[in-house]
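First to last, the sequence lines map onto chains A and B.
Read in the working numbering, the first sequence has 174 at position 174, and its numbers run on one by one without any break.
Read in the working numbering, the second sequence has 377 at position 377, and its numbers run on one by one without any break.
Every residue, glycine too, gets a C-beta built ideally from N, C-alpha and C.
Below is one structure; the comments refer to it alone.
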Amino acid sequence: MDLTLKIWRQKNKDDKGALKSYDIKGVSPDSSFLEMMDLLNNNLIEKGENPVAFDHDCREGICGSCSMYINGEAHGPDRLVTTCQLHMRKFKDGETIHIEPWRAKAFPVIKDLVVDRSAFDRVMSAGGFVSVNTSGNTQDANATPIAKAAADKAFDAATCIGCGACVATCKNASAMLFVSAKVSQLALLPQGQVEAQRRAIHMVEQMDHEGFGNCSNTGACEVECPKGISLENIARMNREFLSATITSES
Amino acid sequence: MTKLDSRIPEGPIAEKWTKHKNNINVVNPANKRLIDVIVVGTGLAGGSASASLAEMGYNVKAFCFQDSPRRAHSIAAQGGINAAKNYQNDGDSIYRLFYDTVKGGDYRSREANVYRLAEVSANIIDQCVAQGVPFARDYGGLLDNRSFGGVLVSRTFYAKGQTGQQLLLGAYSAMSRQIGKGKIKMYNRHEMLDVVKVDGKARGIIARNLVTGEIERHSAHAVVICSGGYGNVFYLSTNAMGSNVTASWKIHKKGAYFANPCYTQIHPTCIPRSGDHQSKLTLMSESLRNDGRIWVPRKIEDVEAIRSGKLKPTQLNEEDRDYYLERRYPAFGNLVPRDVASRAAKERCDEGFGVNKTGEAVYLDFASAFMRYGKEKAMVEGIEDASQEKIRELGEGVIEAKYGNLFQMYEKIINENPYKTPMMIYPAVHYTMGGVWVDYNLMTSIPGCYALGEANFSDHGANRLGASALMQGLADGYFVLPYTIGDQLADDIRTGPISTDLPEFAEAEKSVKEGLNKLVDNKGTHSVDYFHKRLGKVMWDKVGMSRNVKGLKEAIAEIQKIRSEFWSDVMVPGGVNEMNSELEKAGRVADFLELGELFAKDALERNESCGGHFREESKTEEGEALRNDKDFAYVSAWEYTGEPKDAILHKEELEFKDIELKQRSYK
């Protein structure tokens, strides 16, 4: 396949940045999107030019590093995949592809397609945990049975990979899907229920502090989420948050 | 030179760990506040160690090259984690897990360490559940288990095909809590480029800030390396793109011995290669072997018909299929250990029975599982006289609930629906059992420097059993190091903060900077990947699943040649003082080019077959790996002296007091 790529190039966080055009030839339809980017970079390097910086690591859709906004969609045109799992067979020979970084105030661009997502880490530090220390004396894992339905729902929420596609997709750059997935996972389990309200309040406060926007229920995040995290989680978080603001002591 | 002292406690094996904990030094809670610990890597080992040490009161500085600690490659582990809980009432016990692990490792691991691992395994599950890790459960609300290769019990806990993700997010949550409290200072997008020794002890690291390119000095009273394995020396592996040997290799060059580098796990169930564009290989969890049956056609003409597209695998009758694992190993069948399954696949493909265009693929077929589960489901749902189609449909649903994400991943990559046609799989490099040599306290031969998880060598011998890597990473980080590190740090309660102005820091920083400048100033003609691919090809062809004297000697010479060409001809664009992913890669590949040679040298020295290390000169009449316990029942610990070819071998003799050494059989 021969393609024209229009890629966002930005030297560093202070640079203004611009889309730059590149032609690439001989791309295998069986290669992944990132392997196509490897090919482009290799061509650039052998010409002595600077390759395009982008985040990637596991290349099997689970680490959440890759984060490209392709033709106006987070992780590109395929559903339920990250950029690294997107294959070139989803594109047409001769096509022009636009590639941009995640765009959100809370995710400043570091270089080219690389953004700073450490805001997510700070939201997690605010409450995304169960307050239990490491100990060889916690109760036996089977001491508290958990209904399969609750365990499965908690698992579904817990599969969030923290890639930030929800934020990049949302017109308000809201992080509600990400935050609510963690709030839900832990609220659904007896181990996390104890501090569920406190957790919801602290995580939401930090989320606001980081500059993420609010949720206006358009549901775009759910559509673009590579792991299919459900909007239900946002409803559950709202419920936890609301009841916490009425009843919680912390 | 440090003496090789494994410091295995005296006494019966079941009492060693308890006794050891009672006898080693402990740092009191008030004094822990005065002590700093650096942890490099935030996977299961590093994440759990950082969290636990911080909870205990130490000041932890944690480093990862990724943009968040949550992205370490433990996240990609699929199948599960072992623990001797005996929830299934199938006769499991600490001893049985210990025995299976030692046998699975082909009697090349250290007994005392493995026993301890089995002993703390149950605590790990309790700890993870307490953290909110959503393991799979049955309808009674209790935890579910499945089986993995090389064992006859069900002791593997899992969360669909994302167990590593869930466990890592548990450790990351625990870390996040300590980061919020200021007990862990987290350095994302930082890469350790050297260890700093002061008076012979590890007292800090030199790290590069990957965003600004700045070289930073960080001091501590101890340095803990949790940077994973070195499978990427093969270029193509199931490791993440960034997985590297650099942290381990840097401490090796400063005095830490490197043990058994040739012990590599080639995982039997990976998606086959498709072409030269490929940047990595993808694993299909071993758990699939619980329900999938592995086969190739019995007749060569059927192979040809399949390759040319004239015949579909589903059209082949039962009697025309060769379920070669079931045929060769009736007792364990499709659940033989990984090394055995991989070699068996290679044997069939070498004989010409590979089912894809490259001739390097076998089938993993779920058809009988669909029908088995479908019948059960039809019974449960009270559907009488269900048609074959209906049964299959119900069965597909059951399999989807168990492995849905893996089937989806397969379909995305291969563009075939694995519910309708058998998967194709082929072995690929997955894990390295070798690593930094450590004693019973997990301390390397540099005092104050530790290695945990895949980065060390201690627990898996020459072959790791499935679902044991997650167990080891978390055991080391949650339940071993937090105790053993006190033994050394008890001497440091009056030391006070370590100054980064010491000449040792300045010197290490200077050499790191020189190394980086050399790469950037080289201005050669080929990219880093060009050299990495060449190295990988030599490793796979000559130091891969099957090794012999001739090939290994050639490999050593070829790697030396590639290394010298790399240093004269590599092209690293961009500068040192900026985000520069090519520069990061270049440093890592430079280290792989040294490690690769030591790897081949180690494989050459070990003239026996054991586990994943198969020497063609040493096999049974049936072609199975043949150990030589008389001459090789030792750990090879290599000391760096300037060039890999000059590395000095130290031997730690392995003693088997509780398990009888015998020829491993899965028949």
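Alpha carbon to alpha carbon, how far is residue i from residue j?
i	j	result
I463(B)	N580(B)	It should be noted that the sequence gives Asn, not Ile, for residue 463(B). Rounded to whole angstroms, N463(B) to N580(B) spans 36 Å at the Cα level.
N214(A)	R177(B)	25 Å
F241(A)	H202(A)	10 Å
N133(A)	E286(B)	32 Å
N317(B)	W295(B)	12 Å
A106(A)	S216(A)	18 Å
Q191(A)	A118(B)	25 Å
H190(B)	D322(B)	50 Å
Y410(B)	F366(B)	14 Å
E254(A)	T4(A)	This structure leaves residue 254(A) out entirely; chain A is present only between 1 and 250.
N12(A)	V576(B)	14 Å
A490(B)	V27(B)	5 Å
R348(B)	R392(B)	30 Å
I562(B)	E653(B)	34 Å
I81(B)	K92(A)	42 Å
R327(B)	V438(B)	40 Å
G228(A)	K182(A)	14 Å
K312(B)	I306(B)	6 Å
D276(B)	E35(A)	10 Å
Taking Cβ positions only, does residue i come closer than 8 Å to chain B?
i	result
C58(A)	yes
P108(A)	no
A165(A)	no
M176(A)	no
E232(A)	no
T83(A)	no
Q191(A)	yes
A154(A)	yes
V132(A)	yes
F251(A)	There is simply no residue 251(A) to check, as chain A begins at 1 and stops at 250 in what is shown.
D208(A)	no
Please report whether the beta-carbon of residue i lies at a distance below 8 Å from any beta-carbon of chain A.
i	result
T246(B)	no
L236(B)	no
R146(B)	no
T18(B)	no
N696(B)	Any question about residue 696(B) goes unanswered here, given that chain B covers just 1 to 667.
M241(B)	yes
H267(B)	no
H277(B)	yes
L143(B)	yes
Q315(B)	no
S285(B)	no
N522(B)	no
A555(B)	no
D529(B)	yes
Please list, in chain order, all residues of the same chain as residue i whose beta carbon is under 7 Å from its beta carbon, the five residues on each side excluded.
i	result
Q193(A)	A187
P644(B)	E594, E597, L598 and K601
K542(B)	G551, L552, E554 and A555
Y419(B)	E396 and F407
S618(B)	N607, E608, S609, L626 and N628
Excluding the five sequence neighbours on either side, which residues of its own chain have a C-beta within less than 6 Å of the C-beta of residue i, listed in chain order?
i	result
A253(A)	Nothing about residue 253(A) can be reported from this structure: the residues present for chain A run from 1 to 250 only.
F353(B)	V296 and V303
K16(A)	none
For residue i, collect the residues of the same chain with a Cβ closer than 8 Å to its Cβ; drop the 5 residues on either side in sequence, then sort them by chain order.
i	result
A136(B)	L143, D144, F157, Y158, A159 and K160
K657(B)	I13 and E111
H221(B)	I35, D36, V37, R203, G448, L489, D492, T495 and I498
E214(B)	R208 and N577
> Okay, do the region 158 to 178 of chain B and the region 99 to 110 of chain B touch, 3+ Cβ pairs below 8 Å being the bar?
Replying inline: By the C-beta criterion, the region 158 to 178 of chain B is judged not to be in contact with the region 99 to 110 of chain B, since fewer than 3 inter-stretch pairs fall below 8 Å.
> Taking any Cβ of chain A, which residues in the region 36 to 53 of chain B have a Cβ under 8 Å from it, in chain order?
Replying inline: Under the 8 Å Cβ criterion, the region 36 to 53 of chain B contributes S48, A51 and S52.
> When Cβ atoms are compared, which residues of the region 482 to 508 of chain B fall closer than 9 Å to chain A?
Replying inline: The region 482 to 508 of chain B vs chain A, Cβ under 9 Å: P482.
> Per the contact definition of three or more C-beta pairs closer than 8 Å, is the region 419 to 434 of chain B in contact with the region 265 to 274 of chain B?
Replying inline: With three or more CB-CB distances shorter than 8 Å, the region 265 to 274 of chain B counts as touching the region 419 to 434 of chain B.
> Between the region 74 to 92 of chain B and chain A, which residues of the former have a C-beta closer than 7 Å to a C-beta of the latter?
Replying inline: Sequence-ordered contacts of the region 74 to 92 of chain B with chain A read I75, A76 and Y87 [C-beta pairs closer than 7 Å].
>> For the pair the region 458 to 472 of chain B and the region 501 to 517 of chain B, tell me if three or more CB-CB distances fall below 8 Å.
In response: No, the region 458 to 472 of chain B does not touch the region 501 to 517 of chain B.
> Are the region 562 to 579 of chain B and the region 226 to 246 of chain B touching by the rule of at least three beta carbon pairs closer than 8 Å?
Replying inline: Touching, no.
> Given 8 Å as the limit, is there contact between the region 120 to 132 of chain A and the region 18 to 29 of chain A, that is, 3 or more CB pairs closer than that?
Replying inline: Contact between the region 120 to 132 of chain A and the region 18 to 29 of chain A is absent, because fewer than three Cβ pairs lie under 8 Å.
>> Output needed in chain order: residues of the region 121 to 142 of chain B with a Cβ under 7 Å from some Cβ in chain A.
In response: Those residues of the region 121 to 142 of chain B that come within reach of chain A (Cβ to Cβ, closer than 7 Å) are N123, I125, D126, Q127, V129, A130, Q131, G132, P134, R137, D138, Y139, G140, G141 and L142.
> Does the pairing of the region 89 to 107 of chain B with the region 72 to 92 of chain A give three or more beta-carbon distances under 8 Å?
Replying inline: Three or more beta-carbon pairs separated by less than 8 Å are not found between the region 89 to 107 of chain B and the region 72 to 92 of chain A, which leaves the two stretches without contact.
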